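What the sequence shown shows, in my numbering, is residues 113 to 274, in sequence order.
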Amino acid sequence: MGFRLIHFNCVRPLGAFTLDNPYVITFLSILPRIFSDADNFDGLHFHTHGLRCPDGSWRSYNDAFPYAADWPAPEVSTMAGWRSLEDLKAFTYNGRTHPPGMRRLGQEIDRSDGPGFVMWWAPRGAQFTLEDGFQRLQHLRRNGSSDYAFSLDQPALRPAVA
């Protein structure tokens with residue numbers, strides 16, 4: 113049995129989550145290009161996306177609006193399965209669309225809850241929900257890096273194949 117690297121990340125945009133928010137406008141405009149590149153990237157096994165609303169419910173990006181005006185911004189989330197840490201880094205830092213797109217958005221997110229990115233190794237075929245990823249992130253925020261939930265700064269080694 114082999115292992116793949118799972119990553120989950122989420123950000124909460126600053127300001128109201130509306131179609132007038134510059135973050136939301138930019139984010140929605142670059143998504144199709146980033147998703148197309150992801151679909152064609154050899155080291156990526158899957159990617160899924162959603163919004164975690166303040167009440168704990170999840171929505172797809174297609175169902176993001178209308179969004180309740182009295183709610184704080186949601187956690188804009190992605191989870192993906194990678195062949196390796198090197199593949200994740202290649203797409204994230206050297207890809208055609210992801211790096212410039214994320215640089216444009218980096219100053220428009222609320223980082224007050226701590227890290228927004230977590231990884232873990234999982235047996236091939238294991239399936240996870242976005243909520244599973246969100247809970248791993250909460251574990252990392254509370255406990256720091258471990259084999260269960262780790263950061264880019266302190267990655268865990270890929271488990272030996274059984």
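Note that CB positions come from ideal geometry on N, CA and C, so glycine has one too. Here the structure is a predicted model, which is why all the values come from computation and not from measurement.
Burial state of residue i (16 or more Cβ within 10 Å)
i	result
Glu187	buried
Pro125	buried
Gly162	buried
Phe153	buried
Ala185	buried
Trp194	buried
Ala272	exposed
Helix, strand or coil at residue i according to DSSP, with G and I counted as helix
i	result
Gln245	Reading off the sequence, residue 245 comes out as Gly, not Gln. Residue state, collapsed to three classes: helix.
Ala150	helix
Pro271	coil
Thr130	coil
Arg116	strand
Pro186	coil
Beta-carbon separation (whole angstroms), residue i vs residue j, contact threshold 8 Å
i	j	result
Phe246	Ser189	7 Å
Arg164	Leu242	7 Å
Leu117	Leu200	6 Å
First through last residue of the alpha helix (DSSP H) which encompasses residue i
i	result
Asn174	Element bounds for Asn174: n/a, residue is neither H nor E.
Phe203	Leu197 to Asn206
Endpoints, the beta strand (DSSP E) within which residue i is located
i	result
Phe67	Nothing about residue 67 can be read from this structure; the chain reaches only from 113 to 274.
Ala234	Phe229 to Pro235
So does the stretch 223-235 actually touch the stretch 120-139, counting three or more Cβ pairs closer than 8 Å? The answer is yes - the stretch 120-139 touches the stretch 223-235, with three or more Cβ pairs under 8 Å.
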